[in-house]
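**Student:**
There are 2 protein chains.
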Amino acid sequence: MRIPPGVSSTDFSAAIAKFEQAVGKEWVFTDDGDVALYKDAYSPFWGESDELVASAAVAPDSVEQVQQVVRIANHYKIPIYAVSTGKNLGYGGSAPVYSGSVVLDLKRMNRILEVNEKSAYALVEPGVSYFDLYRHIQERGIKLWIDVPDPGWGSPIGNSLDRGGGYLMANYRNHFDSHCGMEVVLANGEIVRTGMGAMPGSKTWQEYKTGFGPWVDGIFSQSNFGVVTKMGFWLMPQPEAYLSGTAYFERYEDLMPMVEIMTYLENTRATNGMPDIGSPLLSVTMIQDITKAYSEPAPPTDPELNALIAKADVGKSPELQEYALRKKIPYWSCKLSFYGAPKANSANWEYCQDKFSAIPGAKFMQDEFYKLPLTPEQREKVHKPQFGIPSLAMFSIGERTPMNPTPANGHMWFSPIIPRTGEAIIEANRVFQEAAKEFGIPVLSAFSLPSCYWERAFIYIFAFPVTHDIETNRRNRAAFKKMIQRAAEHGWGEYRTAPAYQDTIMNTYSYNNHSLLRLHETLKDAVDPNGILSAGRYGIWPKHLRERKA
Amino acid sequence: MRIPPGVSSTDFSAAIAKFEQAVGKEWVFTDDGDVALYKDAYSPFWGESDELVASAAVAPDSVEQVQQVVRIANHYKIPIYAVSTGKNLGYGGSAPVYSGSVVLDLKRMNRILEVNEKSAYALVEPGVSYFDLYRHIQERGIKLWIDVPDPGWGSPIGNSLDRGGGYLMANYRNHFDSHCGMEVVLANGEIVRTGMGAMPGSKTWQEYKTGFGPWVDGIFSQSNFGVVTKMGFWLMPQPEAYLSGTAYFERYEDLMPMVEIMTYLENTRATNGMPDIGSPLLSVTMIQDITKAYSEPAPPTDPELNALIAKADVGKSPELQEYALRKKIPYWSCKLSFYGAPKANSANWEYCQDKFSAIPGAKFMQDEFYKLPLTPEQREKVHKPQFGIPSLAMFSIGERTPMNPTPANGHMWFSPIIPRTGEAIIEANRVFQEAAKEFGIPVLSAFSLPSCYWERAFIYIFAFPVTHDIETNRRNRAAFKKMIQRAAEHGWGEYRTAPAYQDTIMNTYSYNNHSLLRLHETLKDAVDPNGILSAGRYGIWPKHLRERKA
Chain B
5 MRIPPGVSST DFSAAIAKFE QAVGKEWVFT DDGDVALYKD AYSPFWGESD ELVASAAVAP
65 DSVEQVQQVV RIANHYKIPI YAVSTGKNLG YGGSAPVYSG SVVLDLKRMN RILEVNEKSA
125 YALVEPGVSY FDLYRHIQER GIKLWIDVPD PGWGSPIGNS LDRGGGYLMA NYRNHFDSHC
185 GMEVVLANGE IVRTGMGAMP GSKTWQEYKT GFGPWVDGIF SQSNFGVVTK MGFWLMPQPE
245 AYLSGTAYFE RYEDLMPMVE IMTYLENTRA TNGMPDIGSP LLSVTMIQDI TKAYSEPAPP
305 TDPELNALIA KADVGKSPEL QEYALRKKIP YWSCKLSFYG APKANSANWE YCQDKFSAIP
365 GAKFMQDEFY KLPLTPEQRE KVHKPQFGIP SLAMFSIGER TPMNPTPANG HMWFSPIIPR
425 TGEAIIEANR VFQEAAKEFG IPVLSAFSLP SCYWERAFIY IFAFPVTHDI ETNRRNRAAF
485 KKMIQRAAEH GWGEYRTAPA YQDTIMNTYS YNNHSLLRLH ETLKDAVDPN GILSAGRYGI
545 WPKHLRERKA
Chain Y
5 MRIPPGVSST DFSAAIAKFE QAVGKEWVFT DDGDVALYKD AYSPFWGESD ELVASAAVAP
65 DSVEQVQQVV RIANHYKIPI YAVSTGKNLG YGGSAPVYSG SVVLDLKRMN RILEVNEKSA
125 YALVEPGVSY FDLYRHIQER GIKLWIDVPD PGWGSPIGNS LDRGGGYLMA NYRNHFDSHC
185 GMEVVLANGE IVRTGMGAMP GSKTWQEYKT GFGPWVDGIF SQSNFGVVTK MGFWLMPQPE
245 AYLSGTAYFE RYEDLMPMVE IMTYLENTRA TNGMPDIGSP LLSVTMIQDI TKAYSEPAPP
305 TDPELNALIA KADVGKSPEL QEYALRKKIP YWSCKLSFYG APKANSANWE YCQDKFSAIP
365 GAKFMQDEFY KLPLTPEQRE KVHKPQFGIP SLAMFSIGER TPMNPTPANG HMWFSPIIPR
425 TGEAIIEANR VFQEAAKEFG IPVLSAFSLP SCYWERAFIY IFAFPVTHDI ETNRRNRAAF
485 KKMIQRAAEH GWGEYRTAPA YQDTIMNTYS YNNHSLLRLH ETLKDAVDPN GILSAGRYGI
545 WPKHLRERKA
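Line by line, the protein sequences are chains B and Y.
Under our numbering, the first residue of the first sequence is numbered 5, with each subsequent residue one higher.
Under our numbering, the first residue of the second sequence is numbered 5, with each subsequent residue one higher.
This is how it looks when you write it as structure tokens:
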């Protein structure tokens, strides 16, 4: 049996015995085989001594048991690391940031406590998955959609605490933003309910977020200040219909006005789904899709195009432009989605076309139109998350990407946030391509386009491969860290990362001699003086470990 | 010169001298006349020894000066109370919660640091008012709207930190929710920037809210954990057009489906403005307005109607229903607003009518249609805040309400949050009317309807009068406190209040032996160990004052 660092074997044995009393012997895992399941399946430390491992795992079934576990951990000063359910692949899996911690596995707390159809919310425990919630809703014929990430095997609580995103309207897409009300077990074992939940018998815990006095919910996300045991989420009532359409643009410079118009359209909610931008010209994989739109399609893998792209400067050259015009392949595309009444969707799509028509040569194609709910046949055709349906189909994007063409054993997501402008897209491509070359990592695709999970900013999600070769992994880890620095030099910060990089990234948020991190540490020491909860998570180490590191 | 409690006159004089060095002699106010300006103009303690007063005021011009003031206050343990600009009438004005504190008046910090039209945001200091920001935007021909409260003389920073609301789309209406990024001076004088602002040279401080690691912004709202010196706000790009229309319903029971359908329509964004619900039948003041909609209008003050209302049970009786049907006066109305392209607005309004038509007898009237921007003539006709224009015209609602018919010297807002259902409206009317009778305060109007500032919950805003009669004020304060308790017994909590009631309200958020308040206190002691910042605000007292109170 592995023993957590800084804990005596006597204390650890005593703590394990107490954990067993608290949750039942069968829900305390100490066998090597069981404990190994909490390793990160995509660990960049595979086969190395730095690999993050648990010493044991405890799986309570109730908030009272969580309280007991936390109190026992406090008594014996056992580091514990809370996880919900799901995989968290590419962002660290379930492995503790502080190796040797006891994993507090909340998967058994999988109760859907309430789904309120009229008021369109759900209250769930951490072990509930998006699939669980979806099934619960479907079985009861409730006409609510959940905003799911892709793949959807995760936990609404876990995903929102890591600030994941989905695909529906902006007000649902940001999973932390669309939560309402929390229950948290603090390090001292006390239960706190936030927002209106702090009022006994409250009628609006899931309806009004901020309650009275300081709104503390945010400090429990991407942190280690408490164990969240319940959360409410605002759900999207099933709309009447769905429409999507794509605008296509001819010229490189069109990227700038295209993004500006798209942003206006989303900020005024003329389009209320997640926009999706692409480049039929530069993304070879996309070329086949656009044959519907153009009468004279280029072959999917035209050697002339590949050669032009290879010679272009961040996707731009006179020859490439000439090719695009000659072959009638659009440089850019912007797909918009509309949820609502059929006539309103059509009117909004018409209006969006009108706005985009300010860009000469813009062309348009209506893509999908569905009356909702989808028929079983339609369900199999669509990108399910855009209809509130969890799916594992897109899981493969994590494995094979243009950046990661040869099958690897996993990936690490590099996820910088950039401004929502065409200029920023071009600058990011220049910077990241040069950096990739310099750091000797697989070059990015000819031109990479960001996603619109967040309504006001773009996010790039690049996969760094994880292999079964220790030297390759070391090089990739070093390159990942250099990429973090390079991004920071340009004012681009990551929103989330695996434990291997959390300190490095938090260190780039260094304004005023790391005053924000120092504030985190002040709060940490106040709410968890023994530093038992999820030490190191998002760069926050308890006092005794900060001192040891220094 | 008044001296803050617990401070020696020597120390206070020394501190004042240091404040003068820091900000300039002319920006430190100690004369009784100057200091009296910080009293609450609507103080419920008028003429009593409990009236909250400042001992002095300091008005720094820059964040560096704020740092100096805070450091001086820390050194001499002077209690200071930060205010931005505006009036905050009904919620406590600028008076410190802890009487005798030095007001830290941020009105000179009135710089509009950035307005970014393409990315639709502003970055401002606390002394900037909604009017300042509006003028700045207008003078430059920038096509952005600000979501303003009504009246609009307040500060975007002050209003959002107190969690005020406005009138535009739901994603702008909640002023705290629509902020992005803060700069805060902590009690130790350190500057923290939150979200992406913690990255030096960040490109997305006003574009991505949560940054990396715990999102701390919420703890600086309705609290005393720091002095906010900059905040970003997402603004609404000027839409193409505005449409409003009202649905009318015949029967008492229609309230329930009306609210349910309205909520569905807003949650799916079929209507994207703030809904406004009314009762032409029960609100005598509204009767004249509906003469447009009905061929046989009732006279504005029909004694028969008044008698029926007086005898009805929470707005309901067979006779009243019969009267409403006979006179063709709708029981309920629901006005919806639409921002967007003209055709999309019309299609959405048509869809909303279609949904409301599930209620038998529903009638509809289109109200306003404007291509935007408004012409000067149109501006004078509209309710300006619904067009992003700050105004003082509605200020009078605070003075004369059905609940407060005789001119008083001010008012205190009682602002409970209730669920967004028709059932909750009826229950709230029953409870608050009975309570008003029991507590001997002016009875509410025959039937009160809540506002929809928040997208998922209703808020009632009742005015309790403030007079120049000490006994009346005492009775009204006692009744206010009883009303808080009565609301809490029904699970309804207030979202905001004047200093006189902050402890009482925070005490109703008492789940698990006040564990949320105790968490606030733990955080307070950690970030402000000397307890110098805004002691008592929202029920949070520093350690030495908690001990004294206990």
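Using N, Cα and C, we set each Cβ at its ideal position, and we do this for glycine too.
Output yes if chain Y places a C-beta closer than 9 angstroms to the C-beta of ARG479 (chain B); else output no.
**Tutor:** no
**Student:** If the cut is a Cβ gap below 8 angstroms, which residues of chain D does MET240 (chain B) touch?
**Tutor:** Here the protein chains are B and Y, and chain D is not one of them.
**Student:** Using a Cβ-Cβ cutoff of 8 angstroms, what residues of the stretch 154 to 177 of chain B are near chain Y? List them in chain order.
**Tutor:** Answer set for the stretch 154 to 177 of chain B: ARG167, MET173, ALA174 and ASN175.
**Student:** Helix, strand or coil for PRO301 (chain Y)? Go by DSSP, reduced to three states.
**Tutor:** With a pLDDT of only 41 at PRO301 (chain Y), under 50, the local geometry of the prediction cannot be trusted, and the value read off the model is given with reservation. DSSP, reduced to helix, strand and coil, places PRO301 (chain Y) outside both helices and strands of the structure shown, so it counts as coil.
**Student:** With a CB to CB cut of under 6 angstroms and the five nearest residues on each side skipped, what residues in its chain are close to HIS140 (chain B)?
**Tutor:** For HIS140 (chain B), same chain residues with a beta-carbon under 6 angstroms away, outside a window of 5 residues either side, are ILE116 in chain order.
**Student:** Return the residues of the stretch 438 to 452 of chain Y that lie within a Cβ-Cβ distance of less than 9 angstroms from chain B, sorted by chain order.
**Tutor:** none
**Student:** Please tell me whether ASN228 (chain B) and ALA539 (chain B) are closer than 9 angstroms, where the distance is taken between their beta carbons.
**Tutor:** Yes, Cβ-Cβ distance for ASN228 (chain B) and ALA539 (chain B) is below 9 angstroms.
**Student:** Just the Cα atoms here: how many angstroms apart are ALA554 (chain Y) and CYS184 (chain B)?
**Tutor:** Cα to Cα, ALA554 (chain Y) sits roughly 33 angstroms from CYS184 (chain B).
**Student:** Between which residues of its own chain and ARG541 (chain B) is the CB-CB distance below 8 angstroms, once the five residues before and five after are set aside?
**Tutor:** TYR85, VAL101, GLN226, SER227, ASN228, PRO503 and GLN506
**Student:** Identify, in the order they occur along the chain, each residue of the same chain with its Cβ nearer than 7 angstroms to the Cβ of SER350 (chain B), setting aside the five sequence neighbours on each side.
**Tutor:** LEU247
**Student:** Would you give the residue range spanned by the alpha helix (DSSP H) that GLN71 (chain B) belongs to?
**Tutor:** 67 to 80
**Student:** Would you say ASP65 (chain Y) reaches chain B, if we count a Cβ-Cβ gap shorter than 9 angstroms as a contact?
**Tutor:** no
**Student:** Does any CB atom of chain Y fall closer than 9 angstroms to the CB of LEU259 (chain B)?
**Tutor:** no
**Student:** Give a yes or no on whether the C-beta atoms belonging to TYR134 (chain Y) and GLN210 (chain Y) are separated by under 9 angstroms.
**Tutor:** no
**Student:** Name, please, each residue of chain B whose Cβ falls closer than 7 angstroms to the Cβ of GLY495 (chain Y).
**Tutor:** Correct list: MET203, GLY205, SER206 and LYS207.
**Student:** Taking 9 angstroms as the CB-CB cut-off, is HIS548 (chain B) touching chain Y?
**Tutor:** no
**Student:** Cutting at 6 angstroms between CB atoms, please list the residues of its own chain near THR501 (chain B), excluding the five before and the five after it.
**Tutor:** ILE509
**Student:** Rank Y:ASN120, Y:GLY162 and Y:GLU384 by C-alpha distance to the C-alpha of ILE146 (chain Y) and give the top, closest one.
**Tutor:** Y:ASN120
**Student:** With a cut-off of 8 angstroms on the beta carbons, I'd call THR272 (chain Y) and TYR171 (chain B) a contact; round off their distance for me.
**Tutor:** With a contact defined as Cβ atoms closer than 8 angstroms, THR272 (chain Y) and TYR171 (chain B) miss out at about 16 angstroms.
**Student:** Give a yes or no on whether 9 angstroms exceeds the smallest Cβ distance from LYS122 (chain Y) to chain B.
**Tutor:** yes
**Student:** Using a threshold of 9 angstroms, state whether the C-beta atoms of VAL128 (chain Y) and GLY199 (chain Y) are closer than that.
**Tutor:** no
**Student:** Going along the stretch 218 to 231 of chain Y in order, which residues come within less than 8 angstroms of chain B, judged by CB to CB distance?
**Tutor:** PRO218, TRP219, VAL220, ASP221, GLY222, ILE223, PHE224, SER225, GLN226, SER227 and PHE229
**Student:** Output the boundary residues of the beta strand (DSSP E) element that contains ARG197 (chain B).
**Tutor:** 195 to 197
**Student:** Report yes if the C-beta distance between GLY249 (chain B) and GLN370 (chain B) is below 9 angstroms; otherwise report no.
**Tutor:** yes
**Student:** Please report the straight-line C-alpha distance between PRO301 (chain B) and MET260 (chain B), rounded to a whole angstrom.
**Tutor:** At PRO301 (chain B), the pLDDT of 40 sits below 50, so the modelled position is not reliable; the number obtained from the coordinates is stated separately. Answer to the nearest angstrom: the Cα atoms are 25 angstroms apart.
**Student:** If you draw a straight line from the alpha carbon of ASP15 (chain B) to that of LEU523 (chain Y), how long is it in whole angstroms?
**Tutor:** Take the alpha-carbon of ASP15 (chain B) and the one of LEU523 (chain Y): they are about 29 angstroms apart.
**Student:** In chain order, what residues of the stretch 455 to 481 of chain B put their CB closer than 7 angstroms to some CB of chain Y?
**Tutor:** Under the 7 angstroms Cβ criterion, the stretch 455 to 481 of chain B contributes TRP458, ARG460 and ALA461.
**Student:** Between which residues of its own chain and SER12 (chain B) is the CB-CB distance below 8 angstroms, once the five residues before and five after are set aside?
**Tutor:** none
**Student:** Hey, how far is the Cα of SER283 (chain Y) from the Cα of PRO423 (chain Y)?
**Tutor:** 19 angstroms
**Student:** Taking the straight line between their C-alpha atoms, what separation do you get for SER287 (chain Y) and SER452 (chain Y)?
**Tutor:** 8 angstroms
**Student:** Using the Cβ count rule (16 or more neighbours within 10 Å means buried), how would you classify GLU264 (chain Y)?
**Tutor:** buried
**Student:** Classify ALA61 (chain B) as helix, strand or coil using the three-state DSSP reduction.
**Tutor:** strand
**Student:** Name, going along the chain, the residues of the stretch 183 to 195 of chain B whose beta-carbon falls closer than 8 angstroms to a beta-carbon of chain Y.
**Tutor:** CYS184, LEU190, GLU194 and ILE195
**Student:** Could you tell me whether the Cβ of LYS347 (chain B) comes closer than 9 angstroms to any Cβ of chain Y?
**Tutor:** Flagged as an interface residue toward chain Y: LYS347 (chain B), by a C-beta distance shorter than 9 angstroms.
**Student:** DSSP on PHE180 (chain B), reduced to helix/strand/coil?
**Tutor:** coil
**Student:** Just checking, does the stretch 387 to 398 of chain Y make contact with the stretch 426 to 434 of chain Y on the three C-beta pairs under 8 angstroms criterion?
**Tutor:** Contact fails between the stretch 387 to 398 of chain Y and the stretch 426 to 434 of chain Y, because fewer than three Cβ pairs, one in each stretch, are under 8 angstroms apart.
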